[in-house]
Amino acid sequence: MKKFVLIVAGGSGSRMKQDLPKQFTNIAGQPVLMHTFNAFLKYDPNINFVLVLPESQVKYWKELCLEYQFAVKHNIAIGGETRFHSVKNGLELVPEQSIVFIHDGVRPLVSVKTIEACCQMAVETGNALPVVPVTESLRMIEENKNKAVNRSLFYRVQTPQTFSSTLIKKAYTQKYTSLFTDDASVLEQAGYSINLVDGNRENIKITYPEELGIAEIWLRN
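Here this note's numbering runs 10 ahead of the position in the sequence shown, where the first position is 1.
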């Protein structure tokens, strides 16, 4: 069964307080996005890639590939109005009867162990969602009041969210709703149960400037 990585990279850099989109920021010698590719190449050197980018960023990405001599073969899909539409566009380049890892472009620290666990579960059941337990105390705000909640009931969701391409492509034919916060929620709305696997804690989504420093330390070590 063929394996595809659909990397979604549509960030604008607004939360980073910089003009350069965070996926293109250089850390540990390469742009973040290239490190994300490399994480999956460590798992499988022959894996197939689809990269989803805003149309306005495609030219710059190609220039970066030339500058860094980044020759990893990949197809590019154009991003849409929302993440849902971007993933849907990317899935058009993924064939039926394959396994597809849908991954955030700014998560370069996903481990081989996490990817392997996701693949195995998706092959067996059709889907896999990597998660890590919440360790902080949580409070819920409701009607201008707040109360403690049982943190053992909650998990932080990561990517790659992994699927039988046949199932997830069919799920993405549904009409978009704001309730679709990730790919698992799209499949769940189509009537499927979601299967959880252990993620890795360092698999952070780089959103704020301080997280670039954290990621660089991990990548250099």
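For each residue, glycine too, the CB sits at the ideal point set by N, CA and C.
Computed from a predicted model, the values in this text were never measured in an experiment.
In chain order, what residues of the same chain have a beta carbon less than 7 Å from the beta carbon of residue i, not counting five sequence neighbours either side?
| i | result |
| --- | --- |
| V144 | R161, F164, Y165, R166 |
| E221 | I214 |
| Q67 | P31 |
| L96 | First, the amino acid is wrong: residue 96 is Ser here, not Leu. Closer than 7 Å at Cβ, skipping near neighbours: V18, G20, V62, G89, G90. |
| E226 | I37, A38 |
Would you identify the three-state DSSP class for residue i, choosing helix, strand or coil?
| i | result |
| --- | --- |
| L197 | helix |
| T169 | coil |
| M150 | strand |
| F47 | helix |
| I112 | strand |
| Q107 | coil |
| I37 | strand |
| A87 | strand |
| N99 | helix |
| K12 | coil |
| F94 | helix |
| Y70 | helix |
| M26 | Low confidence applies here, because M26 scores a pLDDT of 38, under 50, leaving its location unreliable; read the following figure in that light. It is coil, neither helix nor strand. |
| A127 | helix |
| S188 | coil |
| G136 | coil |
| V120 | coil |
| G223 | helix |
| V82 | coil |
| Y182 | coil |
| Y53 | helix |
| S203 | coil |
Throw me the rounded Cβ distance for the residue i and residue j pair, which I believe falls under 8 Å.
| i | j | result |
| --- | --- | --- |
| L206 | A181 | Actually they do not touch by this definition, with Cβ atoms about 18 Å apart. |
| L16 | L101 | 7 Å |
| H113 | T169 | 5 Å |
| V120 | A49 | 5 Å |
| E111 | G136 | Position check: residue 111 holds Phe in this sequence, whereas Glu was assumed. About 14 Å; that fails the 8 Å criterion. |
| Y202 | L177 | 7 Å |
| P41 | L74 | 6 Å |
| I109 | C129 | 6 Å |
| Q184 | A200 | 6 Å |
Per DSSP, what are the beta-bridge partners of residue i in this structure?
| i | result |
| --- | --- |
| I216 | Answer by DSSP bridge pairing: none, since I216 is not bridged. |
| K157 | M150 |
| D208 | V141 |
| S174 | I109 |
| I17 | L61, H113 |
Return the chain-ordered list of same chain residues with a C-beta closer than 8 Å to the C-beta of residue i, the five sequence neighbours on each side being excluded.
| i | result |
| --- | --- |
| K179 | L101, V104, E106 |
| R149 | N156, K157, A158, V159 |
| M131 | N137, A138, T172, N205, V207 |
Taking 6 Å as the limit between beta carbons, can you name the residues of its chain near residue i, skipping five residues before and five after?
| i | result |
| --- | --- |
| Y53 | V122, I125 |
| E212 | L119, W228 |
| Y186 | F94 |
Please determine whether the Cβ atom of residue i lies at a distance below 6 Å from any heavy atom of the ligand NAD.
| i | result |
| --- | --- |
| M131 | No copy of the ligand NAD appears in this structure; indeed no ligand is present at all. |
Fill in: Touching by the beta-carbon criterion (3+ pairs, under 8 Å), the stretch 131 to 143 and the stretch 43 to 56
no
Worksheet item: Does the stretch 56 to 66 touch the stretch 82 to 92, meaning 3 or more C-beta pairs lie closer than 8 Å?
Response: yes
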